[in-house]
Amino acid sequence: MALRVNIWQRSRLVLLFVLTIALLGLGFSPPAKAQAQGDLSLLGPALPTNFLGEDQSPNPTEINLGRELYYDKRLSKNQDISCNSCHQLNHYGVDNRPVSPGHKGQLGARNSPSVYNAAAHIAQFWDGRAADVEEQALGPILNPVEMAMPSQEAVLAVLNSIPEYVDAFKQAFPTESNPVTYANVGKAIGAFERGLVTPSPFDAYFAGDESALTSQQQRGLSLFVENGCVACHNGTYFGGNSYQKVGLVEPWPNQKDPGRYNVTEQAFDRMTFKVPSLRNVAETAPYFHDGSAKTLDEAVRRMAHYQLGKDLEPDQVEDIAAFLEALTGDLPADYIQPPTLPVSTAMTPEPDPT
Ligand code: HEC
Ligand code: HEC
């Protein structure tokens, strides 16, 4: 019951927020400078340099191990798929497909979100069913339509057959007597993911460099705020910090996936999803949990219509999309460099195409 009250309060708060902002937008246009400052108050704080929690201090070996595991196809049943197959680090952490092929080409039901900046979200997956990146990383390895490993033991058999991996686990987790565990696979991958940060022109603008955004992008930022996008896409990541109903004002056309309802089984969570972060969104088409919008313009138009009940003019859509391009960040080229993987031995299991 307490949960229900909170959720109602939260969605009422959002509606109030949208309404206030929409009213402020009506017939009221403050000078550019004041407007920009109002905008920024719902955004930020500044982007951190990594997403490590206060109690987290992975040693460099753990991060290197996480990078190797992230790129290692031997963690999949047919040894042909790694995390990087669907979340390509040199492609903004996505594969640009509506849904991704996994084991034997089977397609999943949802669009692959980016792994960049994901560690900072309130929870992982479109429906928030994993608490953090460490927990999340353990899902796809055993998911029959993704990497399809039959069991945790099968994953550990691969790792234990490769002496370089056994050594790396020992160095990464020096206080543990048996460090090659499934949980430590998640910890190492998570430690690596907590370094996937992408500082963008918007961050320079936020820090005071007004020239970091073009005038069109600054117009787009104002429209983004005035129209109420910022009610859901706010904070440092322009999202990633709440669950909201898709189709808040107009019913969303595709009602097949009930979203967070699968996790909570509460009626009011039907069609709610984690609000995606809009960082790097210009590079991560197609859009939405079902990959149903091919272009950024279409995604912006649909959001305005279904979430806010507004049909934007084409030039407004273009300005907002131009602003969203200012959230495209620099990829950490050295950090994501594919490592030379530890070599298999005669003990390493063979790929299983079945
Ligand atoms: C076959 C494609 C595929 C593979 C392989 C895969 N993922 Fe994913 N990943 C997805 C999809 C699809 C989702 C969204 C699923 C959902 O929300 O139900 C997702 C979600 C995530 C998220 C959540 C991001 C967010 O914004 O909520 C993270 C982090 C992630 N994957 C990391 C990984 C890691 C680490 C691996 C390797 C251990 C991996 N993925 C392997 C397709 C894949
Ligand atoms: C009431 C909350 C809410 C409002 C207001 C809102 N959004 Fe969204 N936005 C969401 C949710 C929830 C999703 C994920 C929906 C899904 O995938 O089913 C989303 C998804 C998106 C996406 C796709 C991101 C991706 O990675 O697939 C874009 C782009 C976007 N929103 C932009 C905007 C813009 C621009 C506005 C203002 C015109 C806006 N949103 C208003 C909640 C909101």
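For the record, in the sequence shown the residue sitting at position 254 is 373 according to our numbering, with numbers rising by one throughout. Built from N, CA and C at the ideal position, the CB exists for glycine as well. Treat the numbers as computed from the prediction; the structure is a model and nothing was measured.
Sub-9 angstroms separation of residue i and residue j beta-carbons
i      : j      : result
Gln374 : Asp438 : no
Asn197 : Pro472 : yes
Tyr189 : Ser176 : no
Val316 : Pro232 : no
Ala307 : Phe288 : yes
Gln426 : Val365 : yes
Glu254 : Gly305 : yes
Ala239 : Thr403 : no
Cys205 : Gly185 : no
Pro377 : Met390 : yes
Gln225 : Asp214 : no
Lys393 : Tyr362 : yes
Opposing strand residues paired with residue i [DSSP bridges]
i      : result
Gln243 : Ala249
Gly378 : Thr391
Val213 : Gln207
Tyr406 : Ala412
Tyr560 : In this structure the chain extends from 120 to 473, so residue 560 is not present and cannot be described.
Leu226 : Pro220
Three-way DSSP call (helix, strand, coil) for residue i in this model
i      : result
Phe357 : coil
Pro220 : strand
Val487 : The structure shown does not extend to residue 487, since the chain is modelled only from 120 through 473, so no value can be given for it.
Gly146 : Bear in mind that a pLDDT of 33 at Gly146, under 50, signals an unreliable position, so the model cannot answer this.
Lys192 : helix
Thr367 : Residue 367 is actually Leu in this sequence, not Thr. Reduced to three states, the DSSP call for Leu367 is coil.
Tyr454 : coil
Ala155 : Because the pLDDT of Ala155 is 47, which lies under 50, any placement of that residue in the model is unreliable, and the number read from its coordinates should be weighed accordingly. Looking at Ala155 - three-state DSSP - the assignment turns out to be helix.
Leu427 : helix
Leu184 : helix
Leu261 : helix
Leu161 : coil
Ile140 : Low per-residue confidence applies at Ile140: pLDDT is 46, beneath 50, and the placement is therefore not dependable, though the value from the model is reported in the following sentence. Helix.
For residue j and residue i, believed in contact at Cβ under 8 angstroms, the rounded distance
i      : j      : result
Pro405 : Gly359 : Going by Cβ atoms, the distance from Pro405 to Gly359 rounds to 19 angstroms, so no, they are not a contact pair.
Glu187 : Leu460 : 6 angstroms
Leu161 : Val299 : Incorrect: roughly 46 angstroms between the Cβ atoms, too far for contact.
Ala159 : Phe357 : Note that residue 159 is Leu in the sequence shown, not Ala. Actually they are not in contact, since the Cβ atoms of Leu159 and Phe357 sit about 12 angstroms apart, beyond 8 angstroms.
Val382 : Arg248 : 5 angstroms
Leu415 : Leu443 : 6 angstroms
Glu312 : Val264 : About 22 angstroms separates the two Cβ atoms, so there is no contact after all.
Asp352 : Trp245 : One detail in the question is off: residue 352 reads as His in this sequence, not Asp. In fact, because the Cβ distance is near 15 angstroms, the residues do not count as touching under 8 angstroms.
Tyr211 : Leu257 : Contact flag wrong, Cβ pair sits at about 24 angstroms.
Test: residue i CB closer than 9 angstroms to a CB of chain D
i      : result
Pro220 : Chain labels in this structure do not include chain D; a single protein chain is all it has.
Point to revise | Uninterrupted alpha helix (DSSP H) stretches inside the segment 270-329 (no shorter than 4 residues) | key: 271-279, 282-291, 301-312 and 320-325
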